[in-house]
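Here the sequence shown is numbered in this note's numbering, starting from 15 and rising by one per residue. What follows is a set of notes on a single structure, which appears directly below.
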Amino acid sequence: MELFSLEFWTTLLSIVVIDLVLAGDNAIVIGLAARNLPKQDQKKVIIFGTIGAVIIRALATLGVVWLLKIPFLLVIGGAVLIWIAIKLMVEEKEHNVQAGGSFWAAVRTIIIADAAMGLDNVLAVAGAANGHGLLVVLGLAISVPIVVWGSTIVLKLIERYPIIIIIGSAVLAWTAAKMFVGEFMKLDSLAGLFSNPSIKYGFEIALVIVVVAAGLSIKRSMQAKKAAQASQVHKRAQGE
Numbered sequence: 015m016e017l018f019s020l021e022f023w024t025t026l027l028s029i030v031v032i033d034l035v036l037a038g039d040n041a042i043v044i045g046l047a048a049r050n051l052p053k054q055d056q057k058k059v060i061i062f063g064t065i066g067a068v069i070i071r072a073l074a075t076l077g078v079v080w081l082l083k084i085p086f087l088l089v090i091g092g093a094v095l096i097w098i099a100i101k102l103m104v105e106e107k108e109h110n111v112q113a114g115g116s117f118w119a120a121v122r123t124i125i126i127a128d129a130a131m132g133l134d135n136v137l138a139v140a141g142a143a144n145g146h147g148l149l150v151v152l153g154l155a156i157s158v159p160i161v162v163w164g165s166t167i168v169l170k171l172i173e174r175y176p177i178i179i180i181i182g183s184a185v186l187a188w189t190a191a192k193m194f195v196g197e198f199m200k201l202d203s204l205a206g207l208f209s210n211p212s213i214k215y216g217f218e219i220a221l222v223i224v225v226v227a228a229g230l231s232i233k234r235s236m237q238a239k240k241a242a243q244a245s246q247v248h249k250r251a252q253g254e
């Protein structure tokens with residue numbers, strides 16, 4: 015990939031989108047961990063905790079970038095990303111984080127919680143970066159300040175415009191498709207087939223459509239089930 019080419023910029027944009035969609039909730043963790051401290055210490059905790067979390071996340075992502083070069087791990091990584099993309103559309107997240115009682119306890123809580131919650135983010139960014147460490151660093155440099163300082167705005171936008179989640183899931187599915195294609199291109203039996211742009215892009219578009227449709231279908235099914243359960247509870251209450 016050439017530096018500052020169209021592919022470079024589209025990949026960087028996809029990394030930033032992935033970071034914003036998947037890491038928005040991580041910023042809530044930062045706020046929850048620091049909530050019991052005095053006001054004058056909260057900003058320091060957020061800064062120290064964020065720096066620690068970013069360092070760990072960058073190192074973990076670069077490590078996964080290297081691991082994805084191992085044969086067939088791209089396929090496994092792509093399959094996991096598809097699961098993450100569907101989960102993103104379906105799940106309702108909760109934030110049960112214990113607030114730190116002291117400065118360093120809060121910092122430690124932020125780093126540990128972010129590392130635990132950021133596993134999906136690490137894999138997604140590593141897959142999107144396609145082996146380029148510079149893109150990982152640039153993507154984090156752009157998105158982390160937005161996530162930390164603008165988390166409330168990001169989360170409000172996601173709540174107000176649910177299509178942002180769908181777009182994020184589509185980007186994840188597209189990343190997974192590119193990982194599959196990257197692995198297919200290494201196989202003699204499939205390299206010729208996927209070197210055809212129509213087949214390559216057709217496969218990527220089809221996978222994105224299937225993943226988004228599956229996520230929306232599962233979500234609708236879950237909502238219908240919840241509505242039916244709520245209706246039954248209401249009928250029982252009226253019967254009593």
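Idealized CB from N, CA, C, for every residue including glycine.
Proximity of residue i and residue j at Cβ, strictly below 9 Å
{"i": "Gly91", "j": "Val78", "result": "yes"}
{"i": "Leu82", "j": "Ala140", "result": "yes"}
{"i": "Gly182", "j": "Ile32", "result": "yes"}
{"i": "Leu95", "j": "Ala143", "result": "no"}
{"i": "Val136", "j": "Ala74", "result": "yes"}
{"i": "Val226", "j": "Ile180", "result": "yes"}
{"i": "Leu88", "j": "Met193", "result": "yes"}
{"i": "Val59", "j": "Phe117", "result": "yes"}
{"i": "Ala238", "j": "Ala99", "result": "no"}
{"i": "His146", "j": "Thr25", "result": "yes"}
{"i": "Leu154", "j": "Ala72", "result": "yes"}
Same chain only: Cβ atoms within 8 Å of residue i, ignoring 5 sequence neighbours per side
{"i": "Phe86", "result": "Glu197"}
{"i": "Ile61", "result": "none"}
{"i": "Phe18", "result": "none"}
{"i": "Phe217", "result": "Ala191, Phe194, Val195, Phe208"}
Residues near residue i in its chain [Cβ-Cβ closer than 7 Å; skip 5 each side]
{"i": "Pro52", "result": "none"}
{"i": "Leu230", "result": "Met103"}
{"i": "Tyr215", "result": "none"}
{"i": "Ile125", "result": "Gly63, Gly66, Ala67, Ile70"}
{"i": "Ile213", "result": "Leu207"}
Same chain, Cβ closer than 6 Å to residue i, five either side skipped, listed in chain order
{"i": "Val35", "result": "Gly182"}
Near the ligand GTP: residue i beta-carbon under 8 Å from a heavy atom
{"i": "Gly153", "result": "No copy of the ligand GTP appears in this structure; indeed no ligand is present at all."}
(request) Pair every Cβ in the segment 202-219 with every Cβ in the segment 142-161, then say whether three or more of these pairs are closer than 8 Å. (result) no
(message) Could you tell me which whole beta strand (DSSP E) segments of length 3 or greater appear in the segment 160-241?
(response) none
(request) Evaluate the contact criterion for the segment 185-194 versus the segment 145-152: three or more CB pairs, one atom per stretch, below 8 Å. (result) no
(request) Let me know the alpha helix (DSSP H) ranges lying completely inside the segment 68-124, each 4 residues or longer, listed in chain order. (result) 87-104
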